[in-house]
Each structure stands twice: as C-alpha cells, then as structure tokens.
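**Student:** Residue numbers (my numbering): 527 to 870.
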Amino acid sequence: MTEPGRGEPESPTGHRPEAEDTDDGDRTDGPAPASVDAAMEAFGEGGLAGYSYAYLDEHTKREVRRTMLSAVAIPGHQVPYASRPMPLARGWGTGGIQASLSLLGPEDVFKVIDQGSDESVNAANIRRLAADTADVDTTTDTTEADVIQTRHRIPEEVLTDEQVLVLQVPITDPLRTVDPSDAANRRRHAHANYGKMWLRLYESVAQHGEIDIGARYPVMVAGRYLMDPSPIPRWDVPKLDDADALFLFAAGREARIYAVPPHTAVEPLAFEDRGFTVERFDDRPCDVCGSTDTYRTEVDTGDGEVRLVCNDVSFCRKRQQRPGLPTDHHLDDPADAGEGGESA
Ligand SMILES: [Zn+2]
Numbered sequence: 527m528t529e530p531g532r533g534e535p536e537s538p539t540g541h542r543p544e545a546e547d548t549d550d551g552d553r554t555d556g557p558a559p560a561s562v563d564a565a566m567e568a569f570g571e572g573g574l575a576g577y578s579y580a581y582l583d584e585h586t587k588r589e590v591r592r593t594m595l596s597a598v599a600i601p602g603h604q605v606p607y608a609s610r611p612m613p614l615a616r617g618w619g620t621g622g623i624q625a626s627l628s629l630l631g632p633e634d635v636f637k638v639i640d641q642g643s644d645e646s647v648n649a650a651n652i653r654r655l656a657a658d659t660a661d662v663d664t665t666t667d668t669t670e671a672d673v674i675q676t677r678h679r680i681p682e683e684v685l686t687d688e689q690v691l692v693l694q695v696p697i698t699d700p701l702r703t704v705d706p707s708d709a710a711n712r713r714r715h716a717h718a719n720y721g722k723m724w725l726r727l728y729e730s731v732a733q734h735g736e737i738d739i740g741a742r743y744p745v746m747v748a749g750r751y752l753m754d755p756s757p758i759p760r761w762d763v764p765k766l767d768d769a770d771a772l773f774l775f776a777a778g779r780e781a782r783i784y785a786v787p788p789h790t791a792v793e794p795l796a797f798e799d800r801g802f803t804v805e806r807f808d809d810r811p812c813d814v815c816g817s818t819d820t821y822r823t824e825v826d827t828g829d830g831e832v833r834l835v836c837n838d839v840s841f842c843r844k845r846q847q848r849p850g851l852p853t854d855h856h857l858d859d860p861a862d863a864g865e866g867g868e869s870a
C-alpha cells in the first residue's frame with residue numbers, strides 16, 4: 527500500500543536506524559546497543575535525545591493528520607496512507623500508535639486500553655512510548671483523557687465532543703469476509719454494491735435462524751459506506767451512532783485510516799424481522815461491581831471458579847466506589863442508558 531518512492535527516510539532530523547536490516551527499531555545515531563537491557567537503559571535516561579517529538583517526524587505526522595481529515599470528510603471510507611514502521615510488530619497496534627502520536631500535543635492526556643484493560647503489556651508499552659516521546663500525561667480514567675487508543679473495545683463511559691477514540695484495526699474491509707479480492711471490493715464500495723454482504727447475512731439467518739456475527743459486525747456509515755468497526759463486541763456498535771466523539775480507525779499493516787465523525791449515522795446491517803442484537807448476559811451482574819449494564823466477560827480465577835466481570839476494568843473499579851454511575855452514551859439523552867439501569 528505504501529506509495530512508490532515514499533519509503534525512504536523523510537525525517538528532517540535525519541534519524542535512521544543504524545542496525546542492518548531492521549525495518550522497525552528506530553534507534554538513532556551512535557553504535558547499536560550491546561543488549562536489549564542496555565538499549566532499555568539508554569532509553570530510560572533521557573531517551574528522547576535524537577528522537578522527533580512524538581517519535582514520528584513532522585512530515586509523517588502531517589501526512590497522517592491529512593489522511594485523518596480525508597477520512598473525516600468521507601465517513602466510513604478507507605483512506606490509504608504511507609504507514610511507517612514502528613518499534614513494535616505490525617498487528618500490535620502500529621496504525622493506532624501512528625494516529626495517536628500524530629494527534630497528541632504536550633497538553634493532552636492519553637489513555638490506552640487493550641480489550642478493556644489499561645494494564646495489558648501492549649497497552650502499558652504504548653502508553654509509555656507516548657509518555658516518553660510526546661511528553662503527555664497518561665490516565666486510566668476515560669473521562670479525563672483527550673485521546674484514547676483502544677484495541678477491540680469502546681469504553682463504557684460517555685465520550686464527549688472533546689475526545690478522540692483511536693481504534694486499532696487488524697482488517698479494514700468488511701467485504702473481505704465475502705470476497706478476498708481487494709480490487710473487487712473497492713469497486714463494490716465505489717458502487718455502494720453490498721449485495722454480497724446482505725447475502726452473507728441472509729445465509730446466516732437461513733442456516734442458524736439469526737445473524738451469527740460476533741465481533742467485526744458490519745455497519746453502514748452515513749447511509750453510504752459499509753464499514754468494519756474493528757473487532758469490538760456488538761455491545762459497542764451502537765455507541766458509534768450519532769456520538770459526540772470522533773472515532774478514528776487506523777490500520778498499520780494495511781496502511782489505511784477511516785473515520786466516524788461526531789453525529790454520524792452508523793447502522794448495523796440487519797433485517798426487519800431479524801434485527802441486530804447485542805450480547806446477553808442472562809441478567810448475571812458483574813461479580814465485582816454488580817453492574818448489569820456493562821459488557822462483561824468470563825474470567826477464570828484459577829481455582830476452578832469462573833467469574834463474570836466488567837470488561838472495562840477502569841470503569842468497573844470506578845463503579846465499585848460509586849455504584850450509581852450511568853453508562854449512557856449520549857450526554858444529552860440519558861434515556862439511552864443501558865437497559866439494565868442502576869444496579870448494585
Ligand atoms: Zn464490574
């Protein structure tokens with residue numbers, strides 16, 4: 527996807543990895559560190575020296591921001607960009623990081639979650655990279671963050687028009703589940719020809735009696751483009767509709783960015799008599815905070831017990847302290863709150 531001729535280093539600061547054939551690590555000048563430990567140590571002590579602000583060079587960040595603007599202008603449309611190598615493997619959130627680092631400024635507060643958890647290794651590393659190179663404050667509180675990078679979840683709490691959610695995207699095109707040809711799928715998007723996806727849904731109903739799509743539920747954006755909302759649970763899909771926040775979807779490996787701007791209609795594909803449904807938990811509350819209106823996942827405690835707990839860890843923790851916290855997704859319409867309502 528990288529445009530020809532765009533692969534060479536464009537950094538105005540001229541930094542270029544010393545090491546031989548590495549296409550990710552981006553240590554700057556000076557001899558290569560002798561060991562991983564030595565490299566980590568060097569990074570710890572004033573590791574910013576030799577790096578651009580927010581790791582990426584200014585040209586790259588500008589290009590990523592321009593791509594985001596295009597994506598905002600055409601909601602749901604996948605816009606290609608020259609995805610850069612990042613200091614972690616593609617598939618681990620390189621697209622999300624490039625988007626986040628291009629957006630962050632020194633005044634911003636940054637939150638990173640990985641499937642609802644702030645504490646996963648990947649989330650912690652991404653957060654540290656941003657804190658070290660972009661000098662931002664970080665938080666685990668959704669309401670305090672300006673930019674939230676996430677993998678496979680949308681936080682339970684309301685996002686406001688001051689917030690941007692950056693979703694890491696492994697597969698950009700929802701049509702790839704029905705046709706592996708990107709060329710054919712691009713034509714389908716151009717013609718808004720989504721018959722093949724409707725057929726997939728119909729076959730699913732014919733075989734299973736319902737639409738058997740778990741995560742990556744296909745949605746229509748602004749009545750025009752079919753979009754893959756990334757592997758968020760169906761629970762999170764309605765949060766995209768007419769939201770106050772900006773959603774950016776960034777795929778590093780596929781080098782594409784797409785967006786759902788604030789107050790855009792996002793409609794899950796469904797039939798009149800076979801509607802879109804979210805996951806059910808048989809009214810079993812979270813074993814920790816007692817919520818019945820959050821997305822819960824089963825956790826094996828290791829001693830033979832399986833507990834059902836909120837997937838959004840920081841919200842669960844907050845609710846343990848304040849049981850009445852609402853999860854409604856639109857500030858101006860509290861009636862939209864989860865059907866479970868108050869709990870505890
Ligand atoms: Zn909970």
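Every residue, glycine too, gets a C-beta built ideally from N, C-alpha and C.
Predicted, not measured: the structure shown is a model, and the values here were computed from it.
1. Would you kindly work out how many angstroms separate the C-alpha atoms of T593 and D644, rounded to a whole number?
2. Where L701 and T669 are concerned, what is the direct C-alpha to C-alpha distance, given to the nearest angstrom?
3. Quick one: what's got a C-beta closer than 7 Å to V747's C-beta in the same chain, skipping five residues either side?
4. Compute every distance between the C-beta of G816 and the non-hydrogen atoms of ligand 1, then say whether any falls below 8 Å.
5. My assumption, with CB atoms under 8 Å, is that V635 sits in contact with A671. Please give the rounded CB distance.
6. So does the segment 596-616 actually touch the segment 801-809, counting three or more Cβ pairs closer than 8 Å?
7. Below 8 Å on the Cβ atoms is my contact criterion, and I expect L919 with T620 to pass it. Report the Cβ-Cβ distance as a whole number of Å.
8. Would you grab the beta carbon distance between V835 and D826 for me? Rounded to a whole angstrom, and I think it's under 8 Å.
9. Decide if the segment 696-712 is in contact with the segment 654-670; the criterion is three or more beta carbon pairs, one per stretch, under 8 Å apart.
10. Could you check which residue in T664, V562, P606, R616 has the C-alpha nearest to that of E633?
11. At the level of alpha carbons, what is the spacing between A781 and K637?
12. Is it true that the CB of I623 sits closer than 9 Å to the CB of Q675?
13. Just how far apart, CA to CA, sit A769 and P794?
14. Starting from the N-terminal side, write out each stretch of the beta strand (DSSP E) that is 3 residues or longer and does not extend beyond the segment 645-693.
15. For ligand 1, I want to know if V792 counts as a neighbour, meaning its beta carbon is within less than 8 Å of at least one of the ligand's heavy atoms.
16. Kindly indicate which three-state DSSP category V763 falls into: helix, strand or coil?
17. What are the boundary residues of the beta strand (DSSP E) that R713 is part of?
18. Using the rule of at least 16 other Cβ atoms within 10 Å of the residue's Cβ for burial, across every protein chain shown, is P706 buried or exposed?
19. Any heavy atom of ligand 1 closer than 8 Å to the CB of Q846?
20. Please confirm whether any heavy atom of ligand 1 lies closer than 8 Å to the CB of R833.
21. My understanding is that Y784 touches R760, with C-beta atoms under 8 Å, so please give their C-beta distance in whole angstroms.
22. In terms of residue numbering, what span does the beta strand (DSSP E) encompassing E798 cover?
23. Please determine, among D829, W724, A732, C842, the residue with the shortest C-alpha to C-alpha distance to Y821.
24. Between L693 and S756, which are expected to be in contact by the criterion C-beta below 8 Å, what is the C-beta distance as a whole number of angstroms?
25. Using CA atoms only, rank isn't needed, just tell me which of A718, E736, H717 is closest to E726.
26. For the alpha helix (DSSP H) containing M594, name the first residue and the last one.
27. Hey, P849 and C815: beta-carbon distance below 9 Å or not?
28. When you compare each of Q733, Y751, L851, M723 to H715 by their alpha carbons, which one comes out closest?
29. What's the C-alpha gap between D583 and H678?
30. Applying the 10 Å Cβ sphere with the 16-neighbour rule, what's the burial state of R712?
31. Less than 8 Å separating the Cβ of T666 from some heavy atom of ligand 1?
**Tutor:** Reading from the atomic positions:
1. The straight-line gap from Cα to Cα measures roughly 28 Å.
2. Spanning the two alpha carbons is a distance of roughly 34 Å.
3. P601, G602, M753, V786, T790, V792, listed in sequence order.
4. Yes; taking the cut-off as 8 Å, the Cβ of G816 has a heavy atom of ligand 1 nearer than that.
5. Indeed, because the Cβ distance is near 5 Å, the residues count as touching under 8 Å.
6. Cβ pair count under 8 Å is below three, so no.
7. Because the chain in this structure spans residues 527 to 870, residue 919 falls outside the shown range and cannot be described.
8. With a Cβ gap of about 11 Å, V835 and D826 do not count as contacting.
9. Flag = no, the segment 696-712 and the segment 654-670 do not touch.
10. Out of T664, V562, P606, R616, the CA that lies nearest to the CA of E633 is found in T664.
11. Answer to the nearest angstrom: the Cα atoms are 23 Å apart.
12. With contacts defined by Cβ atoms closer than 9 Å, Q675 and I623 form a contacting pair.
13. Rounded to the nearest angstrom, the two C-alpha atoms are 15 Å apart.
14. As far as the segment 645-693 is concerned, its whole beta strand (DSSP E) runs of at least 3 residues are 673-677.
15. Not so, every heavy atom of ligand 1 lies at least 8 Å from the Cβ.
16. Residue state, collapsed to three classes: helix.
17. Bounds of any beta strand (DSSP E) do not take in R713; it lies within the alpha helix (DSSP H) bounded by 708-716.
18. The residue in question, P706, is exposed, as its Cβ has fewer than 16 Cβ neighbours within 10 Å.
19. Correct: Q846 has its Cβ closer than 8 Å to ligand 1.
20. Taking 8 Å as the cut-off, the C-beta of R833 does not count as close to any heavy atom of ligand 1.
21. Approximately 19 Å separates the beta-carbon atoms of Y784 and R760; this is outside 8 Å, ruling out the contact.
22. From DSSP, E798 is part of no beta strand (DSSP E); its letter is neither H nor E.
23. With distances taken between CA atoms, Y821 lies nearest to C842 out of D829, W724, A732, C842.
24. The pair is a contact, with the Cβ atoms about 5 Å apart (cut-off 8 Å).
25. First, the residue type needs correcting, since residue 726 is Arg and not Glu in the sequence shown. Ranked by how close their Cα comes to the Cα of R726, the residues A718, E736, H717 have E736 in first place.
26. Taken as a continuous stretch (DSSP letters only), the alpha helix (DSSP H) holding M594 covers 584-599.
27. Between P849 and C815, the C-beta gap is smaller than 9 Å, which places the two residues in contact.
28. In terms of CA proximity to H715, Y751 leads the group Q733, Y751, L851, M723.
29. The C-alpha of D583 lies about 28 Å from the C-alpha of H678.
30. Exposed is the call here.
31. Not one heavy atom of ligand 1 is found less than 8 Å from the C-beta of T666.
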